[in-house]
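K.L.:
Take the sequence shown: its letters are residues 7 to 162, numbered as in my numbering.
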Amino acid sequence: MLERAYLHLEPLNDMFLSKDIPVTSVPLKIGRKVSQKTSPEQDNGYFDAKVLSRTHAHLVLQNDQVMIQDVGSSNGTFINGTRLSEDGQQSNPCQLNSGDILEFGLDIKDESGQIVHKKVSCSVSISYGDTIVKKPKEESIDGLLQLVDVLLLIAG
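1) Would you mind listing the beta strand (DSSP E) stretches within the segment 15-72 that are 3+ residues and don't spill past its ends, in chain order?
2) Round the Cβ separation of glutamate 109 and valine 122 to the nearest angstrom and send it over; I've been treating them as touching at under 8 Å.
3) Determine whether the beta carbon atoms of asparagine 81 and glycine 111 lie at a separation below 7 Å.
4) Hey, which unbroken runs of the beta strand (DSSP E) at 3 residues or more fall wholly within the segment 97-128?
5) So, are the CB atoms of proline 46 and lysine 39 less than 7 Å apart?
6) Mapping DSSP to helix, strand and coil, what is glycine 93?
7) Here's the rule I'm using: 16 or more other beta-carbon atoms within 10 Å means buried, otherwise exposed. How should glutamine 152 be labelled?
8) Glutamine 101 and methionine 73 look like a contact to me (Cβ under 8 Å); what is the Cβ gap, rounded to whole Å?
9) Where leucine 67 and threonine 44 are concerned, what is the direct C-alpha to C-alpha distance, given to the nearest angstrom?
10) For glutamine 75, which residues does DSSP report across the bridge?
11) Just checking my contact of alanine 63 with glutamine 75 at CB under 8 Å: how many whole Å lie between their CB atoms?
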């Protein structure tokens, strides 16, 4: 049984810098910065984003899998575009995988359609020890890119 995994979050918008968050069997809070105590750091689950709830979601290592649970946020938690629960409702724990797109909250727009508060959007990589676990789709793409490189060398 694993004691720890690391969740690497790579931003897909300009809402934060990359994060490497240790995940254990103790639930880790994902939430909005509300004080100096909850300032965003590279290794914690806090974000400086108005679209997140103070306590938005929890991360936990369960049965050697990184799980995420929305704990009743207003603006939602999304994996690959699918919202985990209805507005204000707690979700069931959902497995995160390397290659997933994870989003916290929604883009909030003004009357003219301009985004005034951005969601947190990121790609997920999970490492157990020193190994990054990839989804099969990513492995296929990596293999295809390597094949293209070889063919270009042969043709070149």
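Cβ coordinates follow ideal geometry from the N, Cα and C atoms, glycine included.
Keep in mind that this is a model prediction, so the values were computed, not measured.
P.N.:
Answer, in terms of the structure:
1) Within the segment 15-72, the complete beta strand (DSSP E) runs of at least 3 residues are 25-29, 34-38, 63-68.
2) 17 Å between Cβ atoms; not a contact.
3) Note that the C-beta distance between asparagine 81 and glycine 111 is below 7 Å.
4) Counting only runs of 3 or more, we get 107-110, 121-123.
5) Against a cut-off of 7 Å, the Cβ pair of lysine 39 and proline 46 comes out as a contact.
6) First, the residue type needs correcting, since residue 93 is aspartate and not glycine in the sequence shown. Assigned with DSSP and collapsed to three states, aspartate 93 falls in coil, not helix or strand.
7) The residue is exposed, with fewer than 16 neighbouring Cβ atoms inside 10 Å.
8) With 8 Å as the limit, glutamine 101 and methionine 73 qualify as a contact, their Cβ atoms being about 6 Å apart.
9) Between leucine 67 and threonine 44, the C-alpha separation is close to 22 Å.
10) BP columns for glutamine 75 point to His64.
11) About 6 Å separates the beta carbon of alanine 63 from that of glutamine 75, a gap short enough to meet the 8 Å contact definition.
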